[in-house]
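Accompanying notes for the structure given below.
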Amino acid sequence: MSHQSISLGEPCHESIQDAISKKMPGIENLASYLNARKEFFAQGISLLRQQALLELSWSSEVQQMVRDPYHIVNRIADIMLFNEIEIAVWILLLESTSVAERLNNPFYVLIFTGFNAKQFINDDADIYRSFLRISIPTFDLNYHYWVMMTDSCEPSVIEINQKLSQIIATDPAPPEVNYNSLVDELCGVKKASELD
Numbered sequence: 115m116s117h118q119s120i121s122l123g124e125p126c127h128e129s130i131q132d133a134i135s136k137k138m139p140g141i142e143n144l145a146s147y148l149n150a151r152k153e154f155f156a157q158g159i160s161l162l163r164q165q166a167l168l169e170l171s172w173s174s175e176v177q178q179m180v181r182d183p184y185h186i187v188n189r190i191a192d193i194m195l196f197n198e199i200e201i202a203v204w205i206l207l208l209e210s211t212s213v214a215e216r217l218n219n220p221f222y223v224l225i226f227t228g229f230n231a232k233q234f235i236n237d238d239a240d241i242y243r244s245f246l247r248i249s250i251p252t253f254d255l256n257y258h259y260w261v262m263m264t265d266s267c268e269p270s271v272i273e274i275n276q277k278l279s280q281i282i283a284t285d286p287a288p289p290e291v292n293y294n295s296l297v298d299e300l301c302g303v304k305k306a307s308e309l310d
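Just so we're aligned: the sequence shown equals residues 115 to 310 in our numbering.
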C-alpha cells in the first residue's frame, strides 16, 4: 500500500470516461457524488467545521503521520463532504488506530478512517466509495485488507458528543464588551463622578 499513487483531486474527464468504459463497479453513483459535492460547497463551509479540522491537524496522531497535516485533512474532509459531527467521529476513529498503523500507511489510514466515519454517520456511503474507486484504483482491495487487519472502534453517541463539545469549547469566545461604556468613551461622555 504505497501512498505515492494516491491522487485525491476532482476526477478529471478522462478518469470518468475511463471508469465508464471499464464499467467499474459503482460508477453509476459518481454522478450522485458530483451533485452532492456541488450542493455541499454551494451551502458553504462552516467555521466550526474548519476549526474541527484544525484541531484534528494539531493532534499528535496526525502530526506524526504527514508533513502538511491541515492541508491533507482538509482535502480528505472536502472529498468526504464532512460536517462537524463526521469530523468528530473521524477524530475518534483515528485515535483508535495504532501508532504503527498510522506511521506505516499514513495516507491510507486517514482515507480509510475518513471513509469509516462517513459510513458510520451516513447510510449511503456508496457515492463516496465511487469517487474513491476512481481516485484510488486499488481502494476496495486495500480498504478490505485494512478492515480485516485493524481493530476499528465504533464510537458511542456519548463519545461523539464529548468530542464535538471539546471542539466547540476550543472556539474562542468573543470578549465581553460593555457597549454603553465603549460608546461613552468614544463620544467623550464623562460620568457625573468624573466631573467633580
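Virtual Cβ for every residue (Gly too), placed ideally from N, Cα, C.
For residue 225, the enclosing alpha helix (DSSP H) begins and ends at 220 to 235.
With a contact defined as Cβ atoms closer than 8 Å, residue 178 and residue 216 qualify at about 6 Å. Rounded to the nearest whole angstrom, the C-alpha separation of residue 196 and residue 232 is 8 Å.
About 12 Å separates the CB atoms of residue 244 and residue 149; that is not less than 8 Å, and the two are not in contact. Of the candidates 249, 163, 213, the residue whose Cα lies closest to the Cα of residue 265 is 213.
The stretch 253 to 267 makes no contact with the stretch 176 to 194, as fewer than three CB pairs between them are under 8 Å. Between the alpha carbons of residue 210 and residue 271 lies a distance of about 16 Å. For residue 181, no alpha helix (DSSP H) run applies, since DSSP gives it neither H nor E. Runs of the alpha helix (DSSP H) spanning 4 or more residues and lying entirely within the stretch 142 to 168 occur at 144 to 157, in chain order.
By the neighbour-count criterion, in which 16 or more other beta carbons inside 10 Å mark a residue as buried, residue 284 falls on the exposed side.
For residue 220, same chain residues with a beta-carbon under 6 Å away, outside a window of 5 residues either side, are 179, 180 in chain order. Burial is judged here by how many other beta carbons sit within 10 angstroms of a residue's own beta carbon; residue 230 has at least 16 and is buried. Residue 282 sits in a helix when the DSSP states are folded into three classes.
The stretch 241 to 273 is shown to contain whole alpha helix (DSSP H) runs of 4 or more residues at 253 to 263, in chain order. Comparing alpha carbon positions, the residue from 153, 192, 281, 145 closest to residue 228 is 192.
Residue 203 places its beta carbon less than 9 Å from that of residue 274.
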